[in-house]
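In the working numbering, the protein residues as written are 2 to 344. Encoded as structure tokens, the structure appears first; notes follow it.
Here is the structure:
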């Protein structure tokens, strides 16, 4: 199970990594070379559509213009900021300073990039390359910014380089592509996508069907699955009179892998009565004060809200974690299937 979960983290969620420094260098060179060709050919394939107003606000002159319109568009990279040794913030400019991305809470967008080949023919990180032969690939991302941030949007991305872990000689396709970009380079994006949306006041919808208002919102995230959770957390905390109480259980391999750790700690300290955060690590340091190991029923009982008609649980992480660790243990504890929502 450990091996399955790690493999899925590395391969399915753009968590991408790998053994020999020389191999890593070759991987990066290949990514950069393919990206150059992609830029020269791909710009013709996506339209640039003027920003629009939301349908409900067409008569409101004060409402900002919205960028996302479900068509493929290009955005230029404005900044690339190092957060840690392997995590970066990519800030992309929108067409004007008063334009917002227009991504509903709970939704995501897709980023497109050029496909590339592994160090072993027809393989990627030691397995058959499922994207072999495709000229273009895409990955889903949830911005860490919101529509309060006009003129740009931010993506926080872990860059998984080839040549770091023996079993993953190729690293990550999309994260290495993004890391190869220079300020001014344009990236193709499209959205919104997703079946889950938060409407405010504790109200969620799934496949456009709204649920009754929830007073307890629990979240279980793994790895990069934290980004849609942060999006929901931030939105609820902006509701000054909200009675919604939130709890987050966040699983990672090591302490260094905890994405947006400082931001989560800051929010918990600022809103101790509205948000609780608990962590579990596969390989914790000696002075670790939280849980160790995979998500289990005891962690769920102790660190997220109890089941009930006004209690919802949001899940986002590697598929094996969701299937084998989260869903069965949530059901065992008593959470109803209809109140478990998976991004």
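Just so it is clear, CB atoms sit at the ideal spot from N, CA and C, and this is done for glycine as well.
Pairwise C-alpha distance: residue j and residue i
i: residue 285; j: residue 330; result: 22 Å
i: residue 73; j: residue 168; result: 35 Å
i: residue 134; j: residue 117; result: 9 Å
i: residue 124; j: residue 212; result: 44 Å
i: residue 172; j: residue 183; result: 20 Å
i: residue 196; j: residue 108; result: 7 Å
i: residue 128; j: residue 119; result: 10 Å
i: residue 346; j: residue 110; result: Past the boundaries of the shown model lies residue 346; the chain is included only from 2 to 344, so the question cannot be answered.
i: residue 265; j: residue 256; result: 13 Å
i: residue 114; j: residue 274; result: 42 Å
i: residue 259; j: residue 228; result: 11 Å
Best match in the options for proximity to residue i [C-alpha to C-alpha]
i: residue 112; options: 320, 261 and 158; result: 158
i: residue 320; options: 255, 245, 224 and 310; result: 224
i: residue 246; options: 237, 170, 191 and 297; result: 237
i: residue 187; options: 92, 230, 206 and 262; result: 92
i: residue 69; options: 105, 264 and 228; result: 105
i: residue 277; options: 254, 288 and 231; result: 231
i: residue 66; options: 81, 335, 175 and 100; result: 100
i: residue 294; options: 217, 279 and 204; result: 279
i: residue 94; options: 166, 83, 189 and 88; result: 189
i: residue 149; options: 139, 140, 102 and 175; result: 102
i: residue 310; options: 318, 241, 333 and 341; result: 341
i: residue 267; options: 344, 234 and 289; result: 234
Where the beta strand (DSSP E) through residue i begins and ends
i: residue 199; result: 197-201
i: residue 222; result: 217-223
i: residue 279; result: 276-282
i: residue 248; result: 246-253
i: residue 261; result: It is not in any beta strand (DSSP E) - residue 261 carries neither H nor E in the DSSP assignment.
i: residue 205; result: 204-207
i: residue 93; result: 88-94
i: residue 312; result: 312-317
Local conformation of residue i per DSSP, three classes
i: residue 266; result: helix
i: residue 329; result: helix
i: residue 107; result: coil
i: residue 70; result: coil
i: residue 339; result: helix
i: residue 83; result: strand
i: residue 212; result: coil
Residue i, enclosing alpha helix (DSSP H) - first and last residue
i: residue 228; result: 227-238
i: residue 300; result: 298-304
Segments of 4+ residues assigned as alpha helix (DSSP H) that fall wholly inside the region 110-193: 174-180
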